[in-house]
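Novice: Below are the structure tokens for one structure; questions will follow.
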Amino acid sequence: MNIPRLRFPIKTKLTVATLIPLAIAILICWMAGVFILSAKVAAQAQEKVRYDLSVAREAYLNELTRLYDAVKLSASFGRTSETVAAADQHALAATLSPVRKSEHLDVLAAVDASGKVIFRANNPKQFGDDKLRNQFVARALKGELVSGTTIIPTAELTLEGEELVRQARVQVTGTKSDPTPPAPLNGAMFLFVAAPVRDPAGNVVGALYGGVLLNNNKKLVDKIKTVVYEGAKSNGRDVGNSTIFQGDVRIATNVPNTDGSRAIGTKLSAPVYDRVLLKGTKWVGRAFVVNDWYLTAYEPIFSLQGVPIGALYVGMLESHYSAVKTDMAVLLSFVLLLSGLTGVSMSGFLGRKLAQPIKELELLTRRVAAGERDVKSTIDSRDEIGDLAERFNDMSQSLAEREDSIIELNRNLEQKVQLRTAELEEKNRLLVQTREELLRVEKLAAIGELAAGVAHEINNPMAIIRGNTELLQLSVPEDAPNREEVDTIFQQVKRVERIVSNLLKFARREQMERGEVHLNQLLHEIVGQIGHQVSLEKIEVFEFYAEEVAVVEGDQDQLRQVFTNLILNAVQAMPEGGVLDIRSAPVGSGDNYEVKISDTGVGIQLENLRQVFNPFYTTKANGTGLGLSVSYGIIREHGGCIDVESVPGRGSSFTVLLPCEQ
């Protein structure tokens, strides 16, 4: 049963042919427009949040500066030095308590020259403890005015007052990725300043230290948000917010939870934690904060020793910028849709105009197909359709005359097609072969140029290395512990010079230095030395050498170069470890020896197998593509051959066949 094929009128095809480029152009314009708009808005948003972080940092530092000024002025004010030197608690209370209240300090205390606390304005009953372990106080007693951010352990914070401990308490909540049961945060984060107190002679008689608690400090984060975002809102929600982290825990924030409360105690996301707290660098990007997506910026807060102990964050709702992008995308889509509808109308009209004369020609061809002759077209159109009508008339006249020629041509067409096809295939084969040979010749010529450059660039410094090594040999006694390493360096220098020489010989087709080569011994030496070039920690090496494999005629250094290259490639193909298998065996009647080097590495893709021996072809990021090409040339000059088999993902095997005698 023949299923009738769908019929598409020429009008439809012309319309579709007109609409496809238009649709592609509209789609490209829409995608480009949306992409450009999105990229532009995203770039501006990133720049905005980066600037917001700078403003937030200034607001944070302003608070530290305020604390700095208060402590510094208190340390140098009036008779502070006399009261500290005399350990007069009543006088200190009269001086420090008003400062603490007016400047809204959570901690303000005085210590004597030995580091003992004399008076705490926030907890007067507690004094006499040693504060020398506090780096701020220790440096202040040395005459230095110190300010910064620090974390005070809960045990030490207890000395400053139970009220302060309760105020600093933050309950850490678990997350989906870290379902640790809720627990209170250990310690509290402070803005901290310590200033030396000097007598009239300039001697340090004690110190004052003061601090502002950051845990649950709503006033500071709200001030930062007000300074940065100026109360901007979107759909009744604050556009931006700010947070201070102690470690990876929010200790002061105006980021809302789902119930509208502040998200104090929630944790920092893992990627931001790695970048900001572990690496100590800024993070600017899109992030999911508590329950919504924000465009965020984080920077680490460092301790006095330069260690990240927390982070400062600002962020804006991503939906605020997404609405702008959506509006612009809708407007662009409307414009392009209107253009598309106009194009559809125009293409339909033109399609009808073009299809009418073609329909007439279709009816005339039906008459010719039915056997009618001398059919004439009356189309009078000054375009390609008119030309087609004239050619139709010519065709109708000559159709009868050519019918016999066509029949004869059909008889011989198949034979001629086969003959021409065979000729074309042969020429194509020769063309491909010639092209491959030309490519190989060009690459071999490039090897020659490279070899000359290598000889010029390497031989001069190697001569200096060799000379210095010889001097080192003369200066190190034969029985010295390091004598063996010096001899090894000298041998390897000579080997490098030999490799460069061999590369030149291969490129220039020079004669090799023939001699007896003990294959098994050579392979074993290479395996023993390859560990100096690459790590064999995760590699299992198996050596299976047939006793019948004795001696081959050839250049030992060139063959060493070949097998070293093959073994090194096998090891590098197993970055995660594997099995390296090296075998030797006689082939046939014993006139040839076979060496097979196999690995269980990544393997070689099928499309790369035919190119692995081409000069400069490599899949390694730092490879030159010369190793296998040079090896191929050396083995060919030895009268042998080299072949490769590989299964991607399972490993590769290189087989080298060498004649016993040249």
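For the sequence shown, the working numbering gives the first residue as -2, with consecutive numbering after it.
Using N, Cα and C, we set each Cβ at its ideal position, and we do this for glycine too.
Source: prediction; values computed, not measured.
Determine the direct distance from the alpha carbon of K216 to that of D245, and round the result to whole angstroms.
Specialist: Their backbone Cα atoms lie some 21 Å apart in a straight line.
Novice: Contact between the stretch 80 to 90 and the stretch 330 to 349 is defined here as three or more beta-carbon pairs at a separation below 8 Å; is this criterion met?
Specialist: At 8 Å Cβ cutoff, the stretches do not touch.
Novice: Please work out which residues of its chain come closer than 6 Å, Cβ to Cβ, to R580, disregarding the five sequence neighbours upstream and downstream, and give them in chain order.
Specialist: Excluding positions up to five away in sequence, the list reads F541, K593.
Novice: Along the beta strand (DSSP E) that carries H101, what are the first and last residues, could you check?
Specialist: First-last for H101: undefined, no H or E at that position.
Novice: With the cut-off set at 8 Å, would you say V190 and V143 are in Cβ contact?
Specialist: Cβ distance < 8 Å, so V190 and V143 count as in contact.
Novice: Name the two residues that bound the continuous beta strand (DSSP E) containing F116.
Specialist: From DSSP, the beta strand (DSSP E) with F116 extends over 114 to 117.
Novice: Taking its Cβ as the centre, do 16 or more other Cβ atoms sit within 10 Å of E157, making it buried, or is it exposed?
Specialist: Buried, since its Cβ has 16 or more Cβ neighbours within 10 Å.
Novice: Would you mind reading off the limits of the beta strand (DSSP E) that contains E550?
Specialist: Run containing E550: 548 to 551, per the beta strand (DSSP E) assignment.
Novice: Round the Cβ separation of G312 and V46 to the nearest angstrom and send it over; I've been treating them as touching at under 8 Å.
Specialist: So it is a contact: roughly 7 Å between Cβ atoms.
Novice: Please determine if the stretch 507 to 519 and the stretch 544 to 557 are in contact, where contact requires at least 3 C-beta pairs separated by less than 8 Å.
Specialist: Output reads yes: the stretch 544 to 557 touches the stretch 507 to 519.
Novice: By how many angstroms is the C-alpha of I639 removed from the C-alpha of F651?
Specialist: The straight-line gap from Cα to Cα measures roughly 7 Å.
Novice: If you measure between the beta carbons of Q168 and G262, is that distance less than 8 Å?
Specialist: Cβ atoms of Q168 and G262: closer than 8 Å.
Novice: For I579 and chain D, any beta-carbon pair shorter than 8 Å?
Specialist: Here there is only one protein chain, and chain D is not present.
Novice: For A576, which option in E534, T339, F560 has the closest C-alpha, if you only look at C-alpha atoms?
Specialist: Reading the sequence as shown, one finds Val at residue 576 and not Ala. Per the Cα distances, E534.
Novice: Assign M392 to buried or exposed, taking buried as 16 or more other Cβ atoms, counted over all protein chains shown, within 10 Å of its Cβ.
Specialist: Looking at its Cβ environment, which holds fewer than 16 other Cβ atoms inside 10 Å, M392 is exposed.
Novice: Throw me the rounded Cβ distance for the L654 and V584 pair, which I believe falls under 8 Å.
Specialist: About 7 Å separates the two Cβ atoms, so the contact holds.
Novice: If contacts are defined as beta-carbon pairs under 8 Å, then V68 and L154 qualify, I think. What distance do you get, rounded to the angstrom?
Specialist: No, V68 and L154 are not in contact; Cβ-Cβ is about 18 Å, not under 8 Å.
Novice: If I measure Cβ to Cβ from Y629 and keep anything under 7 Å in the same chain, skipping five residues before and after, which residues do I get?
Specialist: The answer, listed in chain order, is F610, I639.
Novice: Would you tell me roughly how many angstroms separate the C-alpha atoms of A185 and A40, rounded to the nearest one?
Specialist: Approximately 37 Å, taken between the alpha carbons.
Novice: Using a Cβ distance threshold of 8 Å, determine whether the stretch 304 to 311 contacts the stretch 286 to 294, with at least three qualifying pairs required.
Specialist: Short answer: they touch.
Novice: I'd like the ranges of any beta strand (DSSP E) spanning at least 3 consecutive residues and lying wholly in the stretch 507 to 556.
Specialist: With a minimum length of 3 residues, the continuous beta strand (DSSP E) runs that stay inside the stretch 507 to 556 are 512 to 515, 536 to 542, 548 to 551.
Novice: Count the other C-beta atoms from every protein chain shown that fall within 10 angstroms of the C-beta of F187, then say buried if there are 16 or more, exposed otherwise.
Specialist: Answer is buried; the Cβ neighbour count reaches 16.
Novice: Looking at C-alpha atoms only, which residue of Q526, A367, N407, N120 is the closest neighbour of Q489?
Specialist: Residue Q526 is the option with its Cα nearest to Q489.
Novice: Could you tell me how far apart the beta carbons of P193 and G140 are, in whole angstroms, since I believe they sit closer than 8 Å?
Specialist: Confirmed, Cβ separation roughly 5 Å.
Novice: Whose C-alpha, out of N119, P297, Y590, is nearest the C-alpha of E658?
Specialist: Minimum Cα distance to E658 is reached at Y590.
Novice: Among A198, N213, R136, P121, which residue has its Cα nearest to the Cα of R163?
Specialist: It is N213 whose Cα lies nearest to the Cα of R163.
Novice: Taking the continuous beta strand (DSSP E) assigned at A191, which residues delimit it?
Specialist: Unbroken beta strand (DSSP E) run through A191: 185 to 195.
Novice: Can you say whether M(-2) is buried or exposed, counting buried as having 16 or more other CB atoms within 10 angstroms of its CB?
Specialist: A caution first: M(-2) carries a pLDDT of 49, below 50, which makes its placement in the model unreliable, though a value can still be read off. So M(-2) counts as exposed.
Novice: Specify the secondary structure class of Q608 as computed by DSSP and reduced to three states.
Specialist: Note: Q608 maps to coil in three-state DSSP.
Novice: For a test of the three-state rule: what should DSSP assign to M571, helix, strand or coil?
Specialist: Note: M571 maps to coil in three-state DSSP.
Novice: Taking the alpha-carbon positions, what's the L385 to S344 distance?
Specialist: Roughly 22 Å separates the two Cα atoms.
Novice: Between the beta-carbon of N238 and the beta-carbon of V252, is there less than 8 Å?
Specialist: Closer than 8 Å, so yes.
Novice: Looking only at C-alpha atoms, which of F539, K122, L61, H635 sits nearest to R557?
Specialist: Considering only alpha carbons, the answer is H635.
Novice: Run through the DSSP bridge pairs and tell me what F299 is partnered with.
Specialist: Answer by DSSP bridge pairing, in chain order: P305.
Novice: To test your reading of the DSSP string, which unbroken alpha helix (DSSP H) runs of 4 or more residues are found completely within the stretch 58 to 109?
Specialist: Runs of the alpha helix (DSSP H) inside the stretch 58 to 109: 77 to 83, 86 to 99.
Novice: From this set, K617, S626, S532, which residue's C-alpha is nearest R607's C-alpha?
Specialist: Checking every option, the nearest Cα to that of R607 belongs to S626.
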